[in-house]
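Residue numbers (UniProt numbering): 1 to 205.
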Amino acid sequence: MGAAGARVILETRPLTGAALTAALPDLARLRITVFRAFPYLYEGSEDYETSYVRAYAQSRNALVVACFDGARIVGAATAAPMEDHAAEFAVPFEARGYRLSDILYFGESVLLPEYRGRGVGHAFFDAREAHARALGRGTCAFCAVIRPPGHPARPEGYRPHDRFWEKRGYAPVDGLIAEYSWRDIGAAEQTAKPMQFWLRRLPEA
């Protein structure tokens, strides 16, 4: 919402090349802010985030889809070839015989809370799936952290995004799980978290 309470018009557009690189500091900022909430509970640092997002500038076929409120980036989603991502994510796919060169991996989708519920999530998926088709990749994948239902930080009334993802045609693959480590809020050290992969095979045109 704008300063006077007016409903702002959001613009979502894909970024590559120099525009992608220019948006990376905003992506880092959004990751620290959005992933601090449940279920990630991520205690982010600027140093780590600067290093992490740099990988998108180094991937020739990476994509950042940015959501703008005027000139301000208030949300972003990313995608890159699976082989350009962390080895921890590739290992379970290779172990099951997946061809990495057929997979476009969706790294994150982060949107400030006050802009949710306005179709931005669908726009993020639409743009990334279009990018997968443009690259000739038939499978889209992402992962989500697994937290126990009784986790003490789980907010009352919390609803996971599973139904939204299922409506988009994605499904969790039984046993296709990786581990990734980060420091939870208030924790002294990083701990490994299980990450469930969700896949969709794009229909042929």
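Here a beta-carbon is modelled for each residue, glycine too, at the ideal position from N, C-alpha and C.
Give me the Cβ distance between Val53 and Ala28, rounded to the nearest whole Å; I'm assuming they're in contact under 8 angstroms. 5 angstroms
7 angstroms CB neighbourhood of Glu129 in its chain, flanking five on each side removed: Cys140, Leu202
In terms of DSSP beta bridges, what is Tyr115 paired with? BP columns for Tyr115 are empty, so no partner.
On the DSSP bridge assignment, give the partners of Pro81 in chain order. Leu104
Would Phe164 be called buried (16 or more neighbouring beta carbons within 10 Å of its own) or exposed? exposed
Buried or exposed for Thr191, going by 16 or more other Cβ atoms inside 10 Å? exposed
From Gly186 to Ala134, what does the alpha carbon distance come to, in whole angstroms? 43 angstroms
How is Tyr180 classed by DSSP in three states: helix, strand or coil? strand
When the Cα of Leu15 is compared with those of Tyr115, Ala76, Gly121, which residue comes out closest? Ala76
Cutoff 8 angstroms; reference Val120; Cβ partners in own chain excluding five residues on either side: Leu10, Thr12, Cys67, Gly75, Leu111
Can you give me the start and stop residues for the beta strand (DSSP E) that Arg200 sits inside? 191–201
May I ask which residues mark the beginning and end of the alpha helix (DSSP H) holding Arg13? Premise fails: Arg13 lies in the beta strand (DSSP E), 10–15, not in any alpha helix (DSSP H).
Other residues of its chain near Arg147: CB distance less than 6 angstroms, five sequence neighbours each side excluded: Pro39
Assuming contact is defined by CB atoms lying nearer than 8 angstroms, are Glu81 and Leu176 in contact in what I supplied? This sequence places Pro at residue 81; Glu is not what is there. For Pro81 and Leu176, no; Cβs fall outside 8 angstroms.
Environment of Glu108 [buried if 16+ CB atoms lie within 10 Å]: buried
In or out: Ala127 buried (at least 16 other Cβ within 10 Å) or exposed? buried
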